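First the structure, in the form of structure tokens, and then the observations on it.
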Amino acid sequence: SSNPPFTSVELDHSDSGREGCTVTTLTITAEPKNWQNAIRVAVHEVRRLKEFGVTQGELTRYLDALLKDSEHLAAMIDNVSSVDNLDFIMESDALSHKVMDQRQGHESLLGVAGTVTLDEMQVSIGGMT
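Residue numbers (my numbering): 26 to 154.
Structure below.
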């Protein structure tokens with residue numbers, strides 16, 4: 026639609042050290058008068074995502090965006106506050122993740138991003154609840 030009932034919709038599916046599990050968050054921004062319709066449309070689209078998955082073109086765009094965000098974060102390494110670094114280290118430790126600085130993380134992402142397959146993505150999407 027050229028006039029959607031929302032301003033933005035974001036879906037995040039990630040590990041949460043605080044919750045001790047995987048958390049899926051749907052964030053919707055809309056005008057107050059449109060909030061119910063915005064929720065209805067966003068939930069409908071998430072259900073479609075789970076049912077139909079993504080195309081190879083969509084996966085390519087998502088990976089490109091992820092790599093650009095990672096590159097930007099790596100370039101900003103000297104601007105990350107000590108508190109943010111400490112929070113990151115503590116959450117990584119709680120999740121038994123390897124701790125890397127932003128540059129190391131970006132280099133690792135570059136090494137594995139090309140190995141993500143469409144089939145693996147569809148399985149991951151299908152597991153969202």
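Using N, Cα and C, we set each Cβ at its ideal position, and we do this for glycine too.
These numbers were taken from a predicted model, which means no experiment stands behind them.
**OP:** Please specify which runs of the alpha helix (DSSP H), each continuous and at least 4 residues long, are wholly inside the stretch 102-152, giving them in chain order.
**Re:** 107-119, 127-138, 143-151
Subject >> Run of the beta strand (DSSP E) containing residue 83, from where it starts to where it stops >> reply: Here residue 83 is taken as the residue at index 58 of the sequence shown, counted from 1. Run containing residue 83: none in the beta strand (DSSP E); it sits in the alpha helix (DSSP H), 81-100.
Original post:
Across which residues does DSSP place residue 19 in a beta bridge pair?
Top reply: Since the first residue shown for the chain is 26 and the last is 154, residue 19 is missing from the structure and cannot be characterised.
Original post:
Based on the DSSP output, what are the partners of residue 36 in its beta bridges?
Top reply: Working through the sequence shown from its first residue, we reach residue 36 at position 11. Under DSSP, residue 36 takes part in a beta bridge, and its partners are 51.
Original post:
Is the beta carbon of residue 90 less than 8 angstroms from the beta carbon of residue 31?
Top reply: Residue numbering aside, residue 90 sits at position 65 when the sequence shown is read from its first letter. Residue numbering aside, residue 31 sits at position 6 when the sequence shown is read from its first letter. The answer is no: Cβ separation not under 8 angstroms.
**OP:** Pick out whichever of 104, 120, 78 has its Cα sitting closest to the Cα of residue 41.
**Re:** As a first step, residue 41 must be located in the sequence shown, where it is residue number 16. Among 104, 120, 78, the Cα nearest to that of residue 41 is on 120.
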